Amino acid sequence: MPLKKDEYEDAIEPMQAELVGMARWARTTGQRIVVIFEGRDTAGKGGAIKAVREQLNPRQCRVVALSKPTEAELTQWYFQRYVAHLPSAGEIVLFDRSWYNRAGVEKVMGYADEEQVEDFLRQVPTFERMLVDDGILLFKYWLGTDQAQQEERLRERLEDPLKRWKLSPVDLAAREKYDAYTKAREAMLAATHTDWAPWTLVDFNDQKRGRLTLVRDLLDRLPDMQVEPPAIDFPELGHEPAVETYSQIQPLRGYPVT
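So for the sequence shown, UniProt numbering puts the first residue at 1; every next one is plus one.
Set out below in structure tokens:
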């Protein structure tokens, strides 16, 4: 049974408090954290990312969602444009898709040839070993959803003007390539699921339950993060609070609610 909205909100609130603690711990210790979100089109990567970052300082927690490579980037080492977005001390970076594009959409849609994909799958474990050996905490999540759910969500995007922007030709093409994406994912997992950078698969047929599962897993895999917030002296104001006044320009009238 799908999770109800109030059940989800009751469950995610204490986890988001823990995520705030995670951010404080990372800032205090200088820890660098990378979380990769991959998965089926429509699985719910955006909602999962929002669940992680919603209560965090956007200056500390960044989302990286790169568009297709430029002509210059196509001539570079494949990983080069991703390296530029890796975190500095105390930062958390959430990749909304990542270098694994090459093993997924680029392979399935023919944007990369077989040799390029094979080279990528061979190089990824070494690349990620370098990141982990340098002290980055790397978490890789793959969000799954059945094709029936995918169809329902694609139809919703088509019919809802607020979600139409999410529907792209690549999304529509993916409808015919569900099995091809499954095959590509399995090859990716076989080559890149390592002791130092393992994959975690999360069922997102119920997106709310999927978010809770992912966030709980992420928090449980981090070390002890008990860092007390710094003490802040907050003395009494010492006078009656001032009322906002304007002389040059008046603010807009409040929106009428009937």
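Just so it is clear, CB atoms sit at the ideal spot from N, CA and C, and this is done for glycine as well. Owing to the predicted nature of the structure, the values given are computational and were not obtained by experimental measurement.
Pair within 7 Å by beta-carbon distance, residue i and residue j
i, j, result
"Arg32", "Val227", "no"
"Met225", "Gly21", "yes"
"Trp199", "Lys140", "yes"
"Glu118", "Ala112", "no"
"Ala11", "Arg211", "no"
"Thr145", "Phe204", "yes"
"Gly44", "Leu143", "yes"
"Leu167", "Arg157", "yes"
"Ala51", "Val108", "no"
"Gly30", "Ala89", "yes"
"Pro241", "Thr194", "no"
"Asp96", "Ala72", "no"
"Val215", "Met15", "yes"
"Tyr178", "Gln149", "no"
Range of the contiguous alpha helix (DSSP H) that encloses residue i
i, result
"Glu7", "5-29"
"Lys208", "207-220"
"Arg164", "From DSSP, Arg164 is part of no alpha helix (DSSP H); its letter is neither H nor E."
"Gly104", "No alpha helix (DSSP H) holds Gly104; DSSP gives it neither H nor E."
"Asp133", "114-133"
"Ala148", "147-159"
"Glu240", "First-last for Glu240: undefined, no H or E at that position."
"Glu71", "71-74"
Coarse secondary structure for residue i, derived from DSSP in three states
i, result
"Thr200", "strand"
"Tyr82", "helix"
"Leu138", "strand"
"Glu176", "helix"
"Ile92", "strand"
"Ile36", "strand"
"Leu56", "coil"
"Gly46", "helix"
Distance cut-off 6 Å: residue i Cβ against heavy atoms of the ligand ZN
i, result
"Gly44", "Summarising the ligand content, the structure contains no ligands, and the ligand ZN is consequently not present."
Nonlocal neighbours in the same chain, by C-beta distance under 7 Å from residue i, ignoring five residues either side
i, result
"Arg53", "Cys61, Val63, Leu94"
"Arg153", "Thr42"
"Leu162", "none"
Opening and closing residue of the beta strand (DSSP E) in which residue i lies
i, result
"Ile249", "Element bounds for Ile249: n/a, residue is neither H nor E."
"Arg62", "61-64"
8 Å contact criterion, which residue i and residue j should meet: CB distance rounded
i, j, result
"Leu121", "Thr192", "7 Å"
"Leu19", "Gln55", "6 Å"
"Leu138", "Val202", "About 16 Å; that fails the 8 Å criterion."
"Tyr181", "Gly104", "7 Å"
Cut-off 6 Å between Cβ atoms - residues of its own chain near residue i, not counting five sequence neighbours on either side
i, result
"Ala174", "Asp41"
Close-in-space but distant-in-sequence residues of the same chain around residue i (CB under 8 Å, 5 per side omitted)
i, result
"Phe127", "Phe79, Trp99"
"Arg164", "Arg157, Leu158"
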